[in-house]
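**Q** Sequential numbering from 7 applies to the sequence shown in this note's numbering.
Ideal Cβ placement from N, Cα and C applies to all residues, glycine included.
One structure coming up, written as structure tokens, with questions to follow.
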Amino acid sequence: MKVIYTDTIESITLVSGTVDAEYPLTNLQNGHPRKPFRTTTPSCVIRVVEPGIATACAIVLTNASSVSVAAVIAMTYEWGESEAGAIITAGQDETGATIAWVDESDEVETWEQEFDNFDGETGFFFAEFPALLTSGTRTIDITLTALDHSYVSAGLLVIGKSLSFRDFRHSSYKGGYLDNGTEIELHDGSIWYKPGMVQRAPEGHVVMHSGITGPDPAGYATYKDFDEKIIRPLGKTPLAWKLSQNGNLTNIFAGLDEMPSEVAHGLDYKLVSIKLREKL
């Protein structure tokens, strides 16, 4: 189970495709998936610049049938120091023209995925990648392609640091739903019903190392991480979750429906109850 708990995006630009003026690029960060970004073309490339500390990317409510994520590490090279001790990042040739160091071996990593988008509209993409090992910014190019549409649509783009936990304990997991339709029993006993949004409301128990005596030996985030980075500062704030590696239907944009509770679970471990509610 993974969750993106902080946003590291510094800038977003559209480098390929045409924006529908009624659905601007800024909608990707408005926090409301139902107020989307949209193009007038069936594919587009979105470029994100971030400081190299992100470990996951999520796209909420998209009609894309495939997504390609290419991360490029941007390095800064220095020629040396001037007589005054200032760093020189470029120089001049014999004609006086400015020259800069161009590196042809920028590291590029690509994650490409065709994913289940059962109704052609509500796809939820989640990609994981490592943070940079060196200082510098990273450029992430995201290619969205909607084969069955004349446009590309995306509700939210989330890129940031993530925490990784064990999956829900199999016997405890409940993949419930909440029906927000209106149902009224009339005087004659008949039922009047007006459909509303159906939200997913998964819940279950997760085993977490307490974090008090040190990190989790298995490499997962600890309950201490969960408490300090999600529960206390964010509360019920909607976040991008990947509940399991077993398919895209486990991806969900949701907030805590109620504050988690925990009990001791053996030496240095806790059994933590987590109940989520989809926030679309």
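Between residue 21 and residue 146, what straight-line distance do the alpha-carbon atoms span, to the nearest angstrom?
**A** 12 Å
**Q** According to DSSP, is residue 263 helix, strand or coil?
**A** coil
**Q** Does any heavy atom of the ligand GTP sit closer than 7 Å to the C-beta of residue 40?
**A** This structure lacks the ligand GTP, and indeed carries no ligand of any kind.
**Q** Which parts of the region 127 to 156 are runs of the alpha helix (DSSP H), unbroken and 4 residues or longer, counting only runs that do not cross its ends?
**A** Taking only runs of at least 4 residues, no alpha helix (DSSP H) segment lies wholly in the region 127 to 156.
**Q** What residue range is occupied by the uninterrupted alpha helix (DSSP H) comprising residue 230?
**A** 229 to 232
**Q** For residue 193, count the other beta carbons within 10 Å of its own beta carbon; 16 or more makes it buried, fewer makes it exposed. Which is it?
**A** By the beta-carbon neighbour count (other beta carbons within 10 angstroms, threshold 16), residue 193 is exposed.
**Q** Taking the alpha-carbon positions, what's the residue 9 to residue 50 distance?
**A** 26 Å
**Q** Kindly list the residues whose CB is nearer than 8 Å to the CB of residue 226, restricted to its own chain and excluding five residues on each side of it in sequence; keep chain order.
**A** Exclusion of the five residues before and after residue 226 leaves 170, 171, 172, 214, 215 as the residues of its chain whose Cβ lies within less than 8 Å of its Cβ.
**Q** Under 8 Å between the Cβ atoms of residue 54 and residue 148?
**A** yes
**Q** Please name the residue, chosen from 136, 168, 280, 56, that lies closest to residue 209 on a Cα-to-Cα basis.
**A** 280
**Q** At what residues does the beta strand (DSSP E) containing residue 246 begin and finish?
**A** 245 to 248
**Q** Cα separation between residue 223 and residue 12?
**A** 24 Å
**Q** Apply the 10 Å Cβ neighbour rule to residue 40 and answer buried if 16 or more other Cβ atoms are within range, or exposed otherwise.
**A** exposed
**Q** Determine which residues share a DSSP beta bridge with residue 21 and list them.
**A** Note: residue 21 sits in no beta bridge, so no partner.
**Q** Is DSSP giving residue 67 helix, strand or coil here?
**A** Residue 67 carries a strand assignment under DSSP once its states are collapsed to helix, strand and coil.
**Q** Tell me whether residue 206 sits in a helix, a strand or coil according to DSSP, three-state version.
**A** DSSP places residue 206 in strand when its eight states are reduced to three.
**Q** Using the DSSP secondary-structure output, state which residues sit across from residue 160 in a beta bridge.
**A** 43, 68
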